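Everything on this sheet refers to the single structure shown next.
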Amino acid sequence: MTTGRYSAPRTRSLRALPKAHLHLHFEAAVRRSVLSAATHGLGELPPVRHGAGFDGFAETYLAMIDFLAAPGMFDVAFDAAARDAAEEGVVYVELAVSPHFYTSAYGSAYAALEAMARAAETATAEHEVHIGLMLTIDRTLPPAAAEEVVDLALAFSSRGVVSVGAANDERDHPLSPFTSAFRRASDAGLTVAPHAGELVGPDSVRDALSVGATRIQHGVRAIEDNDLVAELAARDICLDVCPTSNVLLGVVPEVEQHPLSALLDANVPCTLNADDPTILGVSILDEYKTARTTLALSDEKLAQCARTSIRFAPLDDDTKAHALAAIDCWLGAAEENS
Ligand SMILES: [Zn+2]
Numbered sequence: 002m003t004t005g006r007y008s009a010p011r012t013r014s015l016r017a018l019p020k021a022h023l024h025l026h027f028e029a030a031v032r033r034s035v036l037s038a039a040t041h042g043l044g045e046l047p048p049v050r051h052g053a054g055f056d057g058f059a060e061t062y063l064a065m066i067d068f069l070a071a072p073g074m075f076d077v078a079f080d081a082a083a084r085d086a087a088e089e090g091v092v093y094v095e096l097a098v099s100p101h102f103y104t105s106a107y108g109s110a111y112a113a114l115e116a117m118a119r120a121a122e123t124a125t126a127e128h129e130v131h132i133g134l135m136l137t138i139d140r141t142l143p144p145a146a147a148e149e150v151v152d153l154a155l156a157f158s159s160r161g162v163v164s165v166g167a168a169n170d171e172r173d174h175p176l177s178p179f180t181s182a183f184r185r186a187s188d189a190g191l192t193v194a195p196h197a198g199e200l201v202g203p204d205s206v207r208d209a210l211s212v213g214a215t216r217i218q219h220g221v222r223a224i225e226d227n228d229l230v231a232e233l234a235a236r237d238i239c240l241d242v243c244p245t246s247n248v249l250l251g252v253v254p255e256v257e258q259h260p261l262s263a264l265l266d267a268n269v270p271c272t273l274n275a276d277d278p279t280i281l282g283v284s285i286l287d288e289y290k291t292a293r294t295t296l297a298l299s300d301e302k303l304a305q306c307a308r309t310s311i312r313f314a315p316l317d318d319d320t321k322a323h324a325l326a327a328i329d330c331w332l333g334a335a336e337e338n339s
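Mapping of the sequence shown onto our numbering: residues 2 to 339, in sequence order.
Below, the structure is given as structure tokens:
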């Protein structure tokens, strides 16, 4: 049996499970081995400072910006991201980008985003993986900077920009000052999907809801408040969850204690994501494997995460219907180790 371009797998291999990748940062979007092969001869990938917590992570991230600012590197990186996604059974990837990081390299954030949009279009055509762009508000900057990000998002809404997020340190940096910027984005039909509930607890998730979030990147610390968990389920707010990232950045002490299973049991829509493969060393497939083994999620629950990812992806109805049918088909195959 085939559903469009999908053919029925013999076993429930996680690679064969169609999925969307909704929480992924451009500067660290690709498995290191894949990116290193793609950029061979174009420069040396920055080393990762293992075990250095958030500070080490941030240092490596900044070095990745310098690495990707070199001429022509956007084309290489988008191509590698699309190839990597296709190899892992990803049908849609939403890359969080910050064109303002590349203002000096490209002359303006507009020119940088134009180069990104062009690279994304080419990679989509080459690898048959749909790519969406999320423009990221830096929550540590003044509201005027957020308005500029939304101006750019609106200018490129017909060229692949589908959402507006927010990143950087949650602590002491609430989203409420950016309410008008997020409202302009959602009024124009863009998804509002900020980071929240990662370094700060339930108040941060409520803060994200107050600015119109319909997806939240992480959001896992909502688990500390039962009323909030019930609200997320009732309002169908999607959490784009990254278990390994949460462990490596100290949000939860170990994967076994990750709240993904409890959130799913409470009917909160959750997706599985890698966050920063180049730096954290995990891919989306690794995260599905971890959910299956360490978190002991059933294949039904894994399929539920995949269905949610497709449901919240900005794909056309036909593409969604095909992917959802293929997920049903995957569940009908034999267990992977039987
Ligand atoms: Zn993230």
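C-beta: ideal position from N, C-alpha, C; glycine also. None of these values were measured; they are calculated from a predicted model.
These are the residues, in chain order, with a beta carbon less than 6 Å from any non-hydrogen atom of ligand 1: His24, His26, His196, Gln218 and Asp276. By the beta-carbon neighbour count (other beta carbons within 10 angstroms, threshold 16), Arg32 is buried.
Counted as a single uninterrupted DSSP element, the alpha helix (DSSP H) harbouring Asp85 occupies residues Met74 to Glu88.
Ser310 sits close to Leu23, with the two beta carbons spaced by under 7 Å. By the Cβ test, the region 276 to 289 is in contact with the region 81 to 94, since at least three Cβ pairs between them sit closer than 8 Å. Nearest in C-alpha terms to Arg140, of all of His196, Ala124 and Ala86, is His196. In the three-state reduction of the DSSP assignment, Ile66 falls in the helix class, which pools H, G and I.
Straight-line measurement puts the Cα of Ile138 at about 13 Å from the Cα of Val212. The bridge partners DSSP lists for Arg216 are Cys239.
Boundaries of the beta strand (DSSP E) around His131: His131 to Asp139. Taking 8 Å as the upper bound for CB-CB distance, Thr192 and Ser164 are in contact here, some 4 Å apart. Between the region 226 to 236 and the region 260 to 277 there are three or more inter-stretch CB-CB distances shorter than 8 Å, so the stretches are counted as touching. The shortest C-alpha to C-alpha distance from Tyr111 to any of Leu155, Thr12 and Ala186 is the one to Leu155. With contacts defined by Cβ atoms closer than 7 Å, Ala118 and Gly73 do not form a contacting pair.
Of the candidates Leu298, Pro278, Lys302 and Arg293, the residue whose Cα lies closest to the Cα of Tyr62 is Pro278. Contact between the region 205 to 223 and the region 10 to 19 is not established, with fewer than three Cβ pairs separated by less than 8 Å. A Cβ-Cβ distance of about 6 Å is found for the pair Ala292 and Leu273, placing them in contact under the 8 Å criterion. Considering only Ala189, Asn169 and Val35, the residue with the shortest C-alpha distance to Asp56 is Asn169. Note on geometry: alpha-carbon atoms of Ala335 and Ser8 lie some 14 Å from one another.
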